[in-house]
Amino acid sequence: MKQRKLTYGQAIREGLYQALDADPMVFAIGQGLWSPWYVGNSMQGLDKSFGKDRIIDSPVSENGITGIAIGAALGGMKPIVIHPRMDFMLLAIDQIVNEAANWHYIFGGESNVPIVIRSIINRGGEQGAQHSQALYSWFMHIPGLKVVVPSTAYDAKGLMLSSIADNNPVIYVDDRWLYDHSGVVPQESYEIPIGKANIDVQGSDVTLVGISYMAHEAREAAKVLHKDSISVEVIDLRSLSPLDTTTVLQSVKKTGRLVIADGAWATCGASAEIAAVVAQQGFQYLKSPIERITLPECPAPTSKSLEDVYYPDKANIVSAIRTLLLS
Numbered sequence: 006m007k008q009r010k011l012t013y014g015q016a017i018r019e020g021l022y023q024a025l026d027a028d029p030m031v032f033a034i035g036q037g038l039w040s041p042w043y044v045g046n047s048m049q050g051l052d053k054s055f056g057k058d059r060i061i062d063s064p065v066s067e068n069g070i071t072g073i074a075i076g077a078a079l080g081g082m083k084p085i086v087i088h089p090r091m092d093f094m095l096l097a098i099d100q101i102v103n104e105a106a107n108w109h110y111i112f113g114g115e116s117n118v119p120i121v122i123r124s125i126i127n128r129g130g131e132q133g134a135q136h137s138q139a140l141y142s143w144f145m146h147i148p149g150l151k152v153v154v155p156s157t158a159y160d161a162k163g164l165m166l167s168s169i170a171d172n173n174p175v176i177y178v179d180d181r182w183l184y185d186h187s188g189v190v191p192q193e194s195y196e197i198p199i200g201k202a203n204i205d206v207q208g209s210d211v212t213l214v215g216i217s218y219m220a221h222e223a224r225e226a227a228k229v230l231h232k233d234s235i236s237v238e239v240i241d242l243r244s245l246s247p248l249d250t251t252t253v254l255q256s257v258k259k260t261g262r263l264v265i266a267d268g269a270w271a272t273c274g275a276s277a278e279i280a281a282v283v284a285q286q287g288f289q290y291l292k293s294p295i296e297r298i299t300l301p302e303c304p305a306p307t308s309k310s311l312e313d314v315y316y317p318d319k320a321n322i323v324s325a326i327r328t329l330l331l332s
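Position 90 of the sequence shown, counting from 1, maps to 95 under the numbering used here, and the rest follow consecutively.
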């Protein structure tokens, strides 16, 4: 039987459709949700299927719509807030960090905020410093928030459904460079456990951890290195909070080497947290220093020629691993 394939954007849409269809308490609110092409076509036609009272195209007021959604969640609904650019999600930081993340703790577990806050990394495309930032590590730092970063179409749908089903706040981060990537996606509804990484490629020479779009680049790098008989174990974290440290540590114990590919900055980033965990809990396994492949420590450029060297890719990963194995 031929397996069905969807793009990453289509997979998100199907997950949203199934959640909206299954539960009348689910609704979405955000900018551009009635557009047929916005946010990777992932909202296409949902307003026609479920009505504009459940697919709400909002004014540009990130703080306002997030606060409205938190109030709705406290009232028993299951909102999905969509911030088309992660950069401007920061305008809602008070609502996310001081309210949504803390509510369950403040009230001794007697109240919950079942909200999904979806945000998109809009890297590349000459969008410059203010429209392209990958800020997921900010939210990793906050107790009470879960953070998921799917890199495949299969995971995009499954983690969307898991996030909606969760009884507490989930930050769902997708990357526009993934929207046109295709993969096998079951038609039925399914969930992927939040906090569980996936070993995409088994290997023995080096552990390569990828985050979001860089998990895709990690898989591509492993193919290149395989031709040179270099065996790379590729781990797609899928979730950043909770972080699946067990899978990473078990892999490092096997390979003795760790490379982390993260399309964000190194300082206080997701790659720093992973490196710290392995250094603290698995130092005895390491045959060489931990290597990190991240963005340069400067804002994103607007020039296309500068963008081409600003964002790391599979070539950077391949070079880093070859150097590591020679050290």
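Note that the Cβ used here is the ideal one computed from N, Cα and C, for glycine as well.
Distance CB(residue i)-CB(residue j) smaller than 8 Å
i, j, result
"S332", "S293", "yes"
"I126", "V178", "yes"
"A281", "I265", "no"
"I326", "I235", "yes"
"A78", "I61", "no"
"N203", "R243", "yes"
"A27", "E67", "no"
"S194", "Q49", "no"
"V145", "S246", "With the sequence shown as reference, residue 145 is identified as Met, and Val is not the correct amino acid for it. Against a cut-off of 8 Å, the Cβ pair of S246 and M145 comes out as a contact."
"Y13", "Y184", "yes"
"K201", "D233", "no"
"G129", "E302", "no"
Distance, residue j Cα to residue i Cα
i, j, result
"L150", "I169", "13 Å"
"G114", "N173", "10 Å"
"A271", "K53", "43 Å"
"N46", "E104", "30 Å"
"P64", "A74", "14 Å"
"V337", "K162", "With the chain running from 6 to 332 in the structure shown, residue 337 is simply not present."
"M165", "I17", "7 Å"
"Y110", "D241", "30 Å"
"D99", "G133", "25 Å"
"P198", "Q135", "33 Å"
"D253", "T328", "In the sequence under discussion, the amino acid at residue 253 is Val, which differs from the Asp named in the question. In a straight line, the C-alpha of V253 is about 21 Å away from that of T328."
"F55", "V314", "43 Å"
"Q8", "H186", "16 Å"
"V260", "I120", "Here residue 260 is Thr; the residue named in the question, Val, does not match the sequence. Answer to the nearest angstrom: the Cα atoms are 39 Å apart."
"A284", "E278", "10 Å"
"P304", "V229", "30 Å"
"S308", "L291", "39 Å"
"W108", "E196", "25 Å"
"V175", "A227", "30 Å"
"S310", "Q289", "42 Å"
"P20", "S167", "One detail in the question is off: residue 20 reads as Gly in this sequence, not Pro. For G20 and S167, the distance between alpha carbons rounds to 10 Å."
"S137", "S256", "32 Å"
Host beta strand (DSSP E) of residue i (start-end)
i, result
"H186", "First-last for H186: undefined, no H or E at that position."
"T71", "Per DSSP, T71 belongs to no beta strand (DSSP E); it is in the alpha helix (DSSP H), 67-79."
"S54", "It is not in any beta strand (DSSP E) - S54 instead sits in the alpha helix (DSSP H) that spans 51-55."
"G35", "31-35"
"D92", "Per DSSP, D92 belongs to no beta strand (DSSP E); it is in the alpha helix (DSSP H), 91-94."
"I197", "It is not in any beta strand (DSSP E) - I197 carries neither H nor E in the DSSP assignment."
"I85", "83-88"
"E238", "237-241"
"L245", "244-246"
"D62", "60-62"
N-terminal and C-terminal residue of the alpha helix (DSSP H) that residue i is part of
i, result
"E19", "13-27"
"V229", "218-231"
Check your understanding: Does the count of Cβ pairs from the segment 111-124 and the segment 206-224 closer than 8 Å reach three?
Key -> Touching, no.
Practice item. Could I get the ranges of all uninterrupted beta strand (DSSP E) runs contained in the segment 253-318, with 3 residues as the minimum, in chain order? Key: Counting whole runs of 3 or more residues, the segment 253-318 contains the beta strand (DSSP E) stretches 263-270, 296-300.
Practice item. Could you name each continuous beta strand (DSSP E) segment of 3 residues or more that falls completely within the segment 107-195, going from the start of the chain to the end? Key: The segment 107-195 contains, as complete beta strand (DSSP E) runs of 3+ residues, the segments 121-126, 151-153, 175-180, 187-189 (chain order).
Point to revise | contact_flag[the segment 79-87, the segment 18-38] where n(CB pairs < 8 Å) is 3 or more | key: Using a Cβ-Cβ distance cut-off of 8 Å, the segment 79-87 and the segment 18-38 are in contact, since at least three pairs of beta carbons, one from each stretch, lie closer than that value.
**Study point:** Contact the segment 193-210 vs the segment 221-238: 3+ CB pairs below 8 Å
**Key:** Yes, the segment 193-210 touches the segment 221-238.
Check your understanding: When the Cβ atoms of the segment 152-163 are set against those of the segment 185-203, are three or more pairs found closer than 8 Å?
Key -> Judged by Cβ distances under 8 Å, the segment 152-163 makes contact with the segment 185-203, as three or more pairs qualify.
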